[in-house]
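Residue numbers (the working numbering): 1 to 311.
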(Lines of atoms letter the chains of each structure in order from A; the text may use other names.)
(Lines give C-alpha, C1' and ligand atoms only; values in the text may rest on other atoms or scores of the structure.)
Protein backbone atom coordinates (compact mmCIF):
# COMPACT_ATOMS: atom_id res chain seq x y z
CA UNK A 1 0.00 0.00 0.00
CA UNK A 2 1.41 3.35 -1.02
CA UNK A 3 2.15 6.08 1.50
CA UNK A 4 -0.37 8.37 -0.22
CA UNK A 5 -3.17 5.79 0.13
CA UNK A 6 -2.32 5.18 3.78
CA UNK A 7 -2.45 8.93 4.43
CA UNK A 8 -5.81 9.19 2.66
CA UNK A 9 -7.29 6.30 4.66
CA UNK A 10 -6.03 7.81 7.94
CA UNK A 11 -7.64 11.14 7.12
CA UNK A 12 -10.88 9.42 6.09
CA UNK A 13 -10.99 7.47 9.36
CA UNK A 14 -10.43 10.66 11.34
CA UNK A 15 -13.25 12.37 9.45
CA UNK A 16 -15.63 9.47 10.14
CA UNK A 17 -14.74 9.59 13.83
CA UNK A 18 -15.61 13.29 13.98
CA UNK A 19 -18.85 12.74 12.07
CA UNK A 20 -19.91 9.98 14.44
CA UNK A 21 -19.45 12.35 17.36
CA UNK A 22 -21.99 14.83 15.95
CA UNK A 23 -24.43 12.46 14.27
CA UNK A 24 -27.69 11.67 16.12
CA UNK A 25 -27.48 8.65 18.39
CA UNK A 26 -30.25 6.51 19.76
CA UNK A 27 -31.29 7.75 23.18
CA UNK A 28 -29.70 5.72 25.98
CA UNK A 29 -32.15 4.81 28.76
CA UNK A 30 -31.26 6.50 32.06
CA UNK A 31 -30.66 4.79 35.37
CA UNK A 32 -34.27 4.85 36.53
CA UNK A 33 -33.26 4.02 40.09
CA UNK A 34 -30.94 7.03 40.36
CA UNK A 35 -33.62 9.64 41.04
CA UNK A 36 -37.32 10.46 41.10
CA UNK A 37 -36.83 13.39 38.71
CA UNK A 38 -35.14 13.63 35.32
CA UNK A 39 -34.20 16.39 32.89
CA UNK A 40 -34.48 16.03 29.13
CA UNK A 41 -31.19 17.16 27.57
CA UNK A 42 -30.01 17.02 23.99
CA UNK A 43 -26.88 14.92 23.52
CA UNK A 44 -25.45 14.11 20.08
CA UNK A 45 -28.68 15.17 18.42
CA UNK A 46 -30.92 12.95 20.58
CA UNK A 47 -33.06 13.86 23.58
CA UNK A 48 -31.70 11.98 26.60
CA UNK A 49 -32.99 11.76 30.15
CA UNK A 50 -30.54 12.68 32.90
CA UNK A 51 -31.27 11.94 36.59
CA UNK A 52 -31.55 14.96 38.89
CA UNK A 53 -29.12 14.27 41.71
CA UNK A 54 -30.54 16.79 44.20
CA UNK A 55 -34.32 16.87 43.89
CA UNK A 56 -36.15 19.75 45.55
CA UNK A 57 -37.50 18.64 48.93
CA UNK A 58 -40.43 21.03 49.01
CA UNK A 59 -43.48 19.48 50.69
CA UNK A 60 -47.16 20.23 50.35
CA UNK A 61 -47.20 21.52 53.93
CA UNK A 62 -44.62 24.17 52.95
CA UNK A 63 -47.08 25.83 50.57
CA UNK A 64 -49.54 28.19 52.22
CA UNK A 65 -52.63 30.09 51.02
CA UNK A 66 -53.11 27.90 47.93
CA UNK A 67 -55.35 25.22 49.47
CA UNK A 68 -57.93 25.00 46.63
CA UNK A 69 -55.22 24.71 43.99
CA UNK A 70 -53.36 22.16 46.11
CA UNK A 71 -56.46 20.02 46.53
CA UNK A 72 -57.26 19.95 42.81
CA UNK A 73 -53.75 18.99 41.72
CA UNK A 74 -53.45 16.45 44.53
CA UNK A 75 -56.72 14.78 43.53
CA UNK A 76 -55.79 14.61 39.84
CA UNK A 77 -52.34 13.18 40.60
CA UNK A 78 -53.76 10.60 43.02
CA UNK A 79 -56.09 9.39 40.26
CA UNK A 80 -53.16 9.17 37.85
CA UNK A 81 -50.89 7.26 40.24
CA UNK A 82 -53.72 4.83 41.02
CA UNK A 83 -54.13 4.05 37.32
CA UNK A 84 -57.48 5.84 37.03
CA UNK A 85 -58.32 8.45 34.35
CA UNK A 86 -56.69 11.84 34.97
CA UNK A 87 -56.13 15.06 33.06
CA UNK A 88 -53.19 17.02 31.74
CA UNK A 89 -52.93 20.19 33.84
CA UNK A 90 -52.22 23.83 33.04
CA UNK A 91 -51.37 26.00 36.07
CA UNK A 92 -51.66 29.70 35.26
CA UNK A 93 -51.84 33.04 36.99
CA UNK A 94 -49.89 35.44 39.15
CA UNK A 95 -46.12 35.10 39.30
CA UNK A 96 -44.48 33.78 42.44
CA UNK A 97 -47.60 32.15 43.84
CA UNK A 98 -46.40 28.54 43.93
CA UNK A 99 -47.25 26.98 40.57
CA UNK A 100 -43.95 25.20 39.95
CA UNK A 101 -43.39 24.44 43.62
CA UNK A 102 -46.77 22.75 43.85
CA UNK A 103 -45.78 20.34 41.09
CA UNK A 104 -42.49 19.56 42.84
CA UNK A 105 -44.31 19.01 46.13
CA UNK A 106 -46.75 16.62 44.45
CA UNK A 107 -43.78 14.63 43.12
CA UNK A 108 -42.44 14.26 46.66
CA UNK A 109 -45.90 13.26 47.89
CA UNK A 110 -46.30 10.41 45.39
CA UNK A 111 -42.73 9.37 44.52
CA UNK A 112 -42.98 6.35 46.83
CA UNK A 113 -45.99 5.21 44.78
CA UNK A 114 -44.07 5.25 41.49
CA UNK A 115 -44.53 8.84 40.33
CA UNK A 116 -41.62 10.28 38.37
CA UNK A 117 -41.10 13.75 36.90
CA UNK A 118 -39.40 14.66 33.62
CA UNK A 119 -38.57 18.34 33.13
CA UNK A 120 -38.54 19.42 29.47
CA UNK A 121 -37.52 22.82 28.12
CA UNK A 122 -39.79 24.48 25.62
CA UNK A 123 -37.18 24.20 22.86
CA UNK A 124 -37.13 20.41 23.26
CA UNK A 125 -40.88 19.90 23.02
CA UNK A 126 -40.46 19.09 19.33
CA UNK A 127 -39.10 15.71 20.50
CA UNK A 128 -41.88 15.17 23.02
CA UNK A 129 -43.54 12.36 21.03
CA UNK A 130 -40.25 10.41 21.03
CA UNK A 131 -39.83 10.99 24.76
CA UNK A 132 -43.35 9.71 25.47
CA UNK A 133 -42.62 6.63 23.40
CA UNK A 134 -39.37 6.08 25.32
CA UNK A 135 -41.19 5.74 28.67
CA UNK A 136 -44.43 4.16 27.42
CA UNK A 137 -43.45 0.63 28.51
CA UNK A 138 -42.11 1.64 31.92
CA UNK A 139 -44.09 0.64 35.05
CA UNK A 140 -43.72 4.09 36.63
CA UNK A 141 -46.16 6.98 36.16
CA UNK A 142 -44.55 10.04 34.54
CA UNK A 143 -45.41 13.72 34.76
CA UNK A 144 -43.77 15.72 31.97
CA UNK A 145 -43.12 19.13 33.54
CA UNK A 146 -42.97 22.22 31.31
CA UNK A 147 -42.18 25.30 33.39
CA UNK A 148 -42.89 28.91 32.43
CA UNK A 149 -44.46 27.85 29.18
CA UNK A 150 -45.43 30.37 26.50
CA UNK A 151 -45.01 30.51 22.76
CA UNK A 152 -44.40 33.05 20.04
CA UNK A 153 -46.05 32.84 16.66
CA UNK A 154 -44.94 29.94 14.47
CA UNK A 155 -42.84 27.97 16.98
CA UNK A 156 -42.49 24.30 16.02
CA UNK A 157 -42.69 23.10 19.63
CA UNK A 158 -46.22 24.55 19.85
CA UNK A 159 -47.50 22.09 17.25
CA UNK A 160 -45.66 19.16 18.85
CA UNK A 161 -47.26 19.86 22.23
CA UNK A 162 -50.71 20.11 20.66
CA UNK A 163 -50.20 16.76 18.99
CA UNK A 164 -49.17 14.98 22.19
CA UNK A 165 -51.97 16.52 24.23
CA UNK A 166 -54.72 15.58 21.82
CA UNK A 167 -54.69 15.11 18.11
CA UNK A 168 -52.01 12.64 17.13
CA UNK A 169 -52.92 9.50 15.23
CA UNK A 170 -51.05 7.58 17.95
CA UNK A 171 -52.96 6.83 21.13
CA UNK A 172 -51.78 8.72 24.20
CA UNK A 173 -49.72 6.69 26.67
CA UNK A 174 -51.67 6.08 29.86
CA UNK A 175 -48.57 6.42 32.06
CA UNK A 176 -47.74 10.00 30.99
CA UNK A 177 -49.38 13.31 31.87
CA UNK A 178 -48.24 16.85 31.07
CA UNK A 179 -48.19 19.47 33.83
CA UNK A 180 -47.33 22.97 32.59
CA UNK A 181 -47.07 26.36 34.27
CA UNK A 182 -47.52 29.71 32.56
CA UNK A 183 -48.29 33.34 33.23
CA UNK A 184 -50.43 33.31 30.07
CA UNK A 185 -53.72 31.50 30.29
CA UNK A 186 -53.75 30.69 26.58
CA UNK A 187 -49.95 30.30 26.23
CA UNK A 188 -49.78 32.49 23.11
CA UNK A 189 -49.69 36.31 22.88
CA UNK A 190 -53.17 37.67 22.24
CA UNK A 191 -53.33 40.82 20.12
CA UNK A 192 -56.07 43.25 19.23
CA UNK A 193 -55.47 42.61 15.55
CA UNK A 194 -56.69 39.03 15.99
CA UNK A 195 -60.20 40.34 16.52
CA UNK A 196 -60.21 41.92 13.06
CA UNK A 197 -61.00 38.49 11.66
CA UNK A 198 -64.31 38.53 13.51
CA UNK A 199 -67.63 39.24 11.78
CA UNK A 200 -70.59 41.19 13.05
CA UNK A 201 -74.06 39.63 13.00
CA UNK A 202 -77.23 41.52 12.31
CA UNK A 203 -77.75 42.11 16.05
CA UNK A 204 -74.20 43.34 16.61
CA UNK A 205 -72.77 40.16 18.13
CA UNK A 206 -69.13 39.33 17.45
CA UNK A 207 -68.13 35.91 16.17
CA UNK A 208 -64.46 35.18 16.92
CA UNK A 209 -62.36 34.56 13.84
CA UNK A 210 -60.11 31.66 13.11
CA UNK A 211 -57.04 33.48 14.46
CA UNK A 212 -58.63 33.70 17.91
CA UNK A 213 -59.69 30.04 17.75
CA UNK A 214 -56.09 29.06 17.03
CA UNK A 215 -54.87 31.08 20.01
CA UNK A 216 -56.97 29.17 22.52
CA UNK A 217 -56.81 25.72 20.91
CA UNK A 218 -53.66 24.68 22.80
CA UNK A 219 -54.78 25.64 26.31
CA UNK A 220 -58.14 23.95 25.72
CA UNK A 221 -56.35 20.63 25.28
CA UNK A 222 -55.37 20.66 28.94
CA UNK A 223 -58.23 18.96 30.73
CA UNK A 224 -57.67 20.74 34.03
CA UNK A 225 -56.98 24.46 34.50
CA UNK A 226 -55.76 25.62 37.90
CA UNK A 227 -55.61 29.39 38.42
CA UNK A 228 -53.46 31.27 40.94
CA UNK A 229 -54.16 34.78 42.20
CA UNK A 230 -52.14 37.58 43.85
CA UNK A 231 -51.91 37.34 47.63
CA UNK A 232 -53.54 39.78 50.01
CA UNK A 233 -51.46 41.44 52.72
CA UNK A 234 -52.70 38.98 55.33
CA UNK A 235 -51.90 35.99 53.10
CA UNK A 236 -48.46 37.39 52.35
CA UNK A 237 -47.70 37.80 56.07
CA UNK A 238 -48.90 34.25 56.75
CA UNK A 239 -46.42 32.93 54.19
CA UNK A 240 -43.63 35.08 55.64
CA UNK A 241 -44.33 33.64 59.10
CA UNK A 242 -44.38 30.08 57.76
CA UNK A 243 -40.93 30.49 56.14
CA UNK A 244 -39.46 32.22 59.18
CA UNK A 245 -40.56 29.26 61.30
CA UNK A 246 -38.96 26.95 58.76
CA UNK A 247 -35.68 28.83 59.23
CA UNK A 248 -35.91 28.51 63.03
CA UNK A 249 -37.07 32.03 63.97
CA UNK A 250 -39.05 32.21 67.22
CA UNK A 251 -42.59 33.60 67.45
CA UNK A 252 -41.61 36.90 69.06
CA UNK A 253 -39.15 37.61 66.25
CA UNK A 254 -41.74 36.60 63.66
CA UNK A 255 -44.21 39.13 65.10
CA UNK A 256 -41.52 41.82 65.06
CA UNK A 257 -40.76 41.01 61.40
CA UNK A 258 -44.23 41.98 60.14
CA UNK A 259 -43.35 45.61 59.39
CA UNK A 260 -39.99 44.83 57.74
CA UNK A 261 -41.75 42.19 55.64
CA UNK A 262 -44.30 44.72 54.40
CA UNK A 263 -41.55 47.21 53.58
CA UNK A 264 -39.68 44.48 51.69
CA UNK A 265 -42.80 43.73 49.62
CA UNK A 266 -43.37 47.43 48.95
CA UNK A 267 -39.81 47.82 47.68
CA UNK A 268 -40.25 44.81 45.41
CA UNK A 269 -43.67 45.93 44.19
CA UNK A 270 -45.16 42.51 44.90
CA UNK A 271 -46.69 40.48 47.73
CA UNK A 272 -46.03 37.13 46.09
CA UNK A 273 -45.02 33.96 47.88
CA UNK A 274 -41.62 34.15 46.26
CA UNK A 275 -41.05 37.60 47.73
CA UNK A 276 -42.13 36.25 51.15
CA UNK A 277 -39.58 33.44 50.91
CA UNK A 278 -36.82 35.83 49.83
CA UNK A 279 -37.57 38.14 52.76
CA UNK A 280 -37.59 35.23 55.23
CA UNK A 281 -34.29 33.94 53.92
CA UNK A 282 -32.67 37.37 54.24
CA UNK A 283 -34.19 38.10 57.65
CA UNK A 284 -33.29 34.72 59.12
CA UNK A 285 -29.80 34.90 57.67
CA UNK A 286 -29.14 38.26 59.32
CA UNK A 287 -30.85 37.44 62.59
CA UNK A 288 -33.71 39.39 64.16
CA UNK A 289 -33.41 43.15 63.72
CA UNK A 290 -32.02 44.75 66.85
CA UNK A 291 -30.81 41.44 68.28
CA UNK A 292 -27.31 40.90 69.59
CA UNK A 293 -27.56 37.23 68.72
CA UNK A 294 -25.49 35.97 65.77
CA UNK A 295 -27.29 35.42 62.50
CA UNK A 296 -29.51 32.36 62.48
CA UNK A 297 -28.08 29.47 60.54
CA UNK A 298 -30.28 28.23 57.73
CA UNK A 299 -30.70 24.53 58.25
CA UNK A 300 -29.47 22.10 55.66
CA UNK A 301 -32.28 21.42 53.21
CA UNK A 302 -30.32 19.35 50.71
CA UNK A 303 -30.52 22.42 48.52
CA UNK A 304 -32.14 25.80 49.09
CA UNK A 305 -35.82 25.09 49.69
CA UNK A 306 -37.79 26.25 46.72
CA UNK A 307 -40.72 27.57 48.67
CA UNK A 308 -42.27 29.12 45.59
CA UNK A 309 -41.88 28.75 41.89
CA UNK A 310 -39.71 30.84 39.62
CA UNK A 311 -42.38 31.58 37.04
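By construction, the Cβ of each residue, glycine as well, lies at the ideal position given by its N, Cα and C atoms. Just so we're clear, the structure is a prediction, and the values are computed from it rather than from any experiment.
_Enclosing beta strand (DSSP E) for residue 181 [first to last residue]_ = 176-182
*What does a CB cutoff of less than 8 Å around residue 114 pick up in its chain, not counting 5 residues either side in sequence?*
81, 139, 140, 141
*Would you mind sorting residue 137 into buried or exposed? The rule is 16 or more other CB atoms within 10 Å of its CB.*
exposed
*How far does the alpha helix (DSSP H) with residue 2 in it reach, from first residue to last?*
Where residue 2 is concerned, there is no enclosing alpha helix (DSSP H), given that its DSSP letter is neither H nor E.
_Taking the alpha helix (DSSP H) that residue 73 belongs to, which residues open and close that run?_
67-81
*What distance in whole Å lies between the Cβ atoms of residue 243 and residue 276, which are believed to be in contact at a cut-off of 8 Å?*
6 Å
*Closer than 8 Å by C-beta to residue 79: which residues in its own chain qualify, once you throw out the five before and the five after it? Chain order, please.*
85, 86
*What residues are listed by DSSP as bridge partners for residue 51?*
38
_Out of 103, 48, 73, 89, which one is the CA nearest neighbour of residue 55?_
103
_Can you tell me where the alpha helix (DSSP H) holding residue 106 begins and where it ends?_
99-110
*For the candidate residues 65, 174, 49, 41, whose alpha-carbon lies nearest to that of residue 34?*
49
*What are the boundary residues of the beta strand (DSSP E) that includes residue 251?*
Per DSSP, residue 251 belongs to no beta strand (DSSP E); it is in the alpha helix (DSSP H), 251-256.
*Kindly indicate the opening and closing residues of the beta strand (DSSP E) around residue 247.*
That residue, residue 247, is in no beta strand (DSSP E); it is neither H nor E in DSSP.
*Could you round the C-beta distance between residue 272 and residue 231 to whole angstroms and report it? I think they count as a contact, below 8 Å.*
6 Å
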